[in-house]
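Q:
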Amino acid sequence: MNIIIRKAKPEEAEKIIDINIKVWKTTYKGLIPQEIIDKVQSKDEARIEKSKINIREKQNTIVAEVDGEIVGYQTFGQAHDKQFCNSGEIYTSYILDGFQMLGLGRRMVIECMKELVNQGYTTLITKCLVGNPSNEFHKLIGGLYIGQSTFEPLGIYVGKDNVYYHEDLAKSLNYNLKKSQRRK
Ligand SMILES: CC(C)(COP(=O)(O)OP(=O)(O)OC[C@H]1O[C@@H](n2cnc3c(N)ncnc32)[C@H](O)[C@@H]1OP(=O)(O)O)[C@@H](O)C(=O)NCCC(=O)NCCS
Numbered sequence: 044m045n046i047i048i049r050k051a052k053p054e055e056a057e058k059i060i061d062i063n064i065k066v067w068k069t070t071y072k073g074l075i076p077q078e079i080i081d082k083v084q085s086k087d088e089a090r091i092e093k094s095k096i097n098i099r100e101k102q103n104t105i106v107a108e109v110d111g112e113i114v115g116y117q118t119f120g121q122a123h124d125k126q127f128c129n130s131g132e133i134y135t136s137y138i139l140d141g142f143q144m145l146g147l148g149r150r151m152v153i154e155c156m157k158e159l160v161n162q163g164y165t166t167l168i169t170k171c172l173v174g175n176p177s178n179e180f181h182k183l184i185g186g187l188y189i190g191q192s193t194f195e196p197l198g199i200y201v202g203k204d205n206v207y208y209h210e211d212l213a214k215s216l217n218y219n220l221k222k223s224q225r226r227k
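When the letters of the sequence shown are read in order and numbered with our numbering, they come out as residues 44 to 227.
1) From Y116 to F127, what does the alpha carbon distance come to, in whole angstroms?
2) How is A51 classed by DSSP in three states: helix, strand or coil?
3) Helix, strand or coil for T165? Go by DSSP, reduced to three states.
4) Give me the DSSP bridge partner(s) of L159.
5) Could you spell out where the alpha helix (DSSP H) holding I80 opens and where it closes?
6) Going by CA-CA distance only, name the one from V114, V109, S130 and I48 that's closest to V206.
7) Could you tell me which uninterrupted beta strand (DSSP E) segments, each at least 3 residues in length, are contained entirely in the region 169-202, listed from first to last along the chain?
8) Is any heavy atom of ligand 1 found at a distance shorter than 7 Å from the C-beta of G146?
9) Have a look at K50 and Q77 and give me their C-alpha separation to the nearest angstrom.
10) Check for me: the alpha helix (DSSP H) holding A56 runs from which residue to which?
11) Rounded to whole angstroms, what's the CA-CA distance from I105 to K58? Just pull it up for me.
12) In terms of residues, what are the limits of the alpha helix (DSSP H) holding S34?
13) Short of 7 Å in beta carbon distance, which residues of its chain neighbour P53, apart from the five on each side in sequence? Order them along the chain.
14) Measuring alpha carbon to alpha carbon, tell me which of G186, E195 and N45 ends up nearest E108.
15) Hey, could you find the ends of the alpha helix (DSSP H) A89 is sitting in?
16) My guess is that L220 and L167 are in contact by the Cβ rule of under 8 Å, so how many angstroms apart are they, rounded?
17) In three-state terms, what does DSSP make of G228?
18) For E132 versus Q121, is the C-beta distance shorter than 8 Å?
19) Below 7 Å, is the gap between the Cβ of N175 and the nearest heavy atom of ligand 1?
Here it is in structure tokens:
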């Protein structure tokens, strides 16, 4: 398997949205009502254009490319919650079925963390919907559970998120680098 972890290019916006939609359908089936999934996850020109602009201007999307195909992505930046406005946040982590649990998520986390450290962040939060088995991932990358917030994509209430905090981002980065190197 030839794996490349790198920044996304604007022309890859549609591919990334397709992954988002596909993984939502498998991950959140039974956790989020289907009509909400359909409402939140539709693809149109406006969404593609917005995503292209974000990728170009914010430079905050990391992709995992396997044998020339993008199979997952993560996005990062300043935490959205006012309460954590001095922290960085990894907003989204989505990998296609068949490519999960191979270490790609941690490798993308490492790239997001490096970018956030370079931007001057010293702490980090991540969030995961209550009931999603991926909560384990958030703990295993070094996050400490500190409470809950509401998950409201596009302003639509979906449920509660567990919030995970990294009080020493540089330390978490080193921890994940070691874990990832051990796996290779
Ligand atoms: C969550 C996700 C991004 C993690 O990426 P990944 O490549 O599968 O995870 P990794 O292989 O890097 O795993 C890192 C560690 O987390 C563990 N892990 C990952 N997903 C897990 C799960 N669902 N349940 C239990 N442990 C899990 C791995 O076993 C590994 O453990 P280790 O530290 O002992 O080696 C990916 O599984 C995914 O896209 N899942 C579906 C969508 C989703 O739920 N996204 C998160 C939304 S908050």
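Glycine included, every Cβ here is placed at the ideal spot set by N, Cα and C.
A: If we stick to the structure as given:
1) Here residue 116 refers to the residue found at position 73 when the sequence shown is read from its first residue. Here residue 127 refers to the residue found at position 84 when the sequence shown is read from its first residue. Going by the C-alpha atoms only, they are around 23 Å apart.
2) To locate residue 51, count along the sequence shown from 1; it is residue 8. Correct three-state label for A51: coil.
3) In the sequence shown, residue 165 corresponds to position 122, counting from 1. Of the three classes helix, strand and coil, the one that applies to T165 here is coil, per DSSP.
4) For the purposes of this step, residue 159 is identified with residue 116 of the sequence shown, where counting begins at 1. Answer is none; L159 lacks a bridge partner.
5) Numbered from 1 along the sequence shown, position 37 holds the residue referred to as residue 80. Start and end: Q77 to V83.
6) The residue given as residue 206 occupies position 163 in the sequence shown. Minimum Cα distance to V206 is reached at S130.
7) 187-194
8) To locate residue 146, count along the sequence shown from 1; it is residue 103. Checking every heavy atom of ligand 1 against the Cβ of G146, one is found closer than 7 Å.
9) The residue you call residue 50 lines up with position 7 of the sequence shown. The residue you call residue 77 lines up with position 34 of the sequence shown. Spanning the two alpha carbons is a distance of roughly 31 Å.
10) Within the sequence shown, the letter at position 13 stands for residue 56. Start and end: A56 to T70.
11) Residue numbering aside, residue 105 sits at position 62 when the sequence shown is read from its first letter. Residue numbering aside, residue 58 sits at position 15 when the sequence shown is read from its first letter. Taking the straight line from one Cα to the other gives about 13 Å.
12) The shown model of the chain, from 44 to 227, leaves out residue 34, and the question about it has no answer.
13) In the sequence shown, residue 53 corresponds to position 10, counting from 1. K95, I98 and R99.
14) The residue you call residue 108 lines up with position 65 of the sequence shown. Ranking G186, E195 and N45 by Cα distance to E108 puts N45 first.
15) The count along the sequence shown starts at 1 and reaches residue 89 at position 46. Per DSSP, A89 belongs to the alpha helix (DSSP H) from E88 to K101.
16) Along the sequence shown, one-based indexing puts residue 220 at 177. Along the sequence shown, one-based indexing puts residue 167 at 124. Actually they are not in contact, since the Cβ atoms of L220 and L167 sit about 15 Å apart, beyond 8 Å.
17) This structure cannot settle anything about residue 228, because the visible part of the chain is limited to 44 through 227.
18) As a position in the sequence shown, residue 132 is number 89, starting the count at 1. As a position in the sequence shown, residue 121 is number 78, starting the count at 1. A contact, by the Cβ cut-off of 8 Å.
19) On the sequence shown, residue 175 is found 132 positions in, with the first residue counted as 1. The answer is yes for N175.
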